[in-house]
Structures are given as C-alpha cells and as structure tokens.
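In the working numbering, the protein residues as written are 2 to 130. Glycine included, every Cβ here is placed at the ideal spot set by N, Cα and C. Structure, as structure tokens:
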Amino acid sequence: MHEFSTAQMIISTVIRVAKENNATRITEINLELGEFTLLNPDYLKFSLNVAAEGTMAEGAKVNITIRPGVIYCSECGYEGEAKKEDFEGAPHVPQLLSLSLKCPKCGSSATKIVGGRECTVKNIQIVTA
Numbered sequence: 002m003h004e005f006s007t008a009q010m011i012i013s014t015v016i017r018v019a020k021e022n023n024a025t026r027i028t029e030i031n032l033e034l035g036e037f038t039l040l041n042p043d044y045l046k047f048s049l050n051v052a053a054e055g056t057m058a059e060g061a062k063v064n065i066t067i068r069p070g071v072i073y074c075s076e077c078g079y080e081g082e083a084k085k086e087d088f089e090g091a092p093h094v095p096q097l098l099s100l101s102l103k104c105p106k107c108g109s110s111a112t113k114i115v116g117g118r119e120c121t122v123k124n125i126q127i128v129t130a
C-alpha cells in the first residue's frame with residue numbers, strides 16, 4: 002500500500018505551503034488523482050487523515066477528483082481515454098498495466114500511457130492568524 006507514503010508527502014507539502022502563507026490551520030485539501038496512479042482514493046483519504054493527525058491539517062476536508070487515464074496508440078494515432086474494462090482487472094504494476102491496455106479505436110496493444118499518472122494538490126483552504 003503506497004497510499005500512506007503518498008499521503009505523508011502530500012501533508013508535508015500542504016503544511017509547508019500553508020506556513021509560507023501564515024496559516025494557522027488547513028481546513029480543506031483538494032486533489033486530482035489520475036486513474037493510472039494505482040492509488041485507491043478511499044485508502045488515500047484514510048492515509049491523509051492519519052498523516053495529518055497532530056498537525057495543522059488535522060480534520061481538514063479532503064476532496065479527490067479522478068482524472069481519466071489517457072493512452073496513445075502508435076498503430077493508429079489514437080490519443081484518448083482507455084476503456085475502463087481494459088484496466089479495471091489489470092495488474093497493479095505500472096509497466097504491466099501499460100501492456101494490458103488496448104486501443105479502443107483499432108484494438109492494438111501498441112499503446113503507451115500519456116496521462117492519468119498524476120497526483121496533484123490543486124489547492125488548499127487555510128485559516129490565517
């Protein structure tokens with residue numbers, strides 16, 4: 002479960018930014034999570050709450066928006082969303098995941114992931130002194 006190490010990095014980052022802006026508390030954290038990060042949003046939320054305990058981010062509301070996974074097909078040039086059924090049961094190893102994705106246009110396996118691996122803090126809400 003790599004959600005906890007990701008959560009620790011996120012909490013560290015939002016606390017640093019909050020302190021740079023003279024915050025006393027973080028009330029909300031808004032994230033964008035790509036489908037191909039292989040992070041479970043529920044586990045990530047739980048991990049964020051645990052990592053925030055005892056910090057200015059404790060009790061912050063966490064909102065996660067899922068960004069679609071995007072693939073590129075070198076056979077037909079398609080670039081767009083992968084079919085959900087192609088990756089829902091796929092291995093949770095990034096290198097193997099990309100091998101299991103088929104182009105929804107031509108059916109080729111000659112695809113590569115070009116989007117959806119991101120985990121981004123979009124913004125935070127803070128309280129200042």
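Inset, instruction - May I ask you to report which of helix, strand or coil DSSP gives residue 84? - result: Three-state result, residue 84: coil.
Inset, instruction - Closer than 7 Å by C-beta to residue 118: which residues in its own chain qualify, once you throw out the five before and the five after it? Chain order, please. - result: The answer, listed in chain order, is 35, 37 and 38.
Legend entry - Length of the line joining the Cα atoms of residue 84 and residue 23: Whole-angstrom Cα-Cα distance: 44 Å.
Inset, instruction - Check whether the Cβ atoms of residue 145 and residue 112 sit closer than 8 Å, and answer yes or no. - result: The question about residue 145 has no answer here: the residues shown for the chain are numbered 2 through 130.
Inset, instruction - With residue 64 as the anchor, note down where its beta strand (DSSP E) starts and where it stops. - result: DSSP places residue 64 inside the beta strand (DSSP E), whose first and last residues are 62-68.
Legend entry - Inter-residue Cα distance where the pair is residue 110 and residue 33: Going by the C-alpha atoms only, they are around 27 Å apart.
Inset, instruction - Run the CB neighbour count on residue 92, radius 10 Å, all protein chains shown included, and call it buried at 16 or more, exposed below. - result: With a pLDDT of 48 at residue 92, under the threshold of 50, the modelled position of this residue cannot be trusted; read the value that follows with caution. When all chains shown are included, residue 92 counts as exposed.
Inset, instruction - From the DSSP output, in three-state form, read off residue 113 for me. - result: In the displayed model, residue 113 falls within a strand according to three-state DSSP.
Inset, instruction - Kindly indicate which three-state DSSP category residue 8 falls into: helix, strand or coil? - result: Residue 8: helix per DSSP, three-state reduction.
Legend entry - Counted within 10 angstroms of its Cβ, other Cβ atoms place residue 57 as buried (16 or more) or exposed: Buried, since its Cβ has 16 or more Cβ neighbours within 10 Å.
Legend entry - Residues that residue 130 bridges to, as DSSP identifies them: Paired residues: none, contrary to the question.
Inset, instruction - Could you please give the first and the last residue of the uninterrupted beta strand (DSSP E) stretch that includes residue 50? - result: It is not in any beta strand (DSSP E) - residue 50 instead sits in the alpha helix (DSSP H) that spans 42-53.
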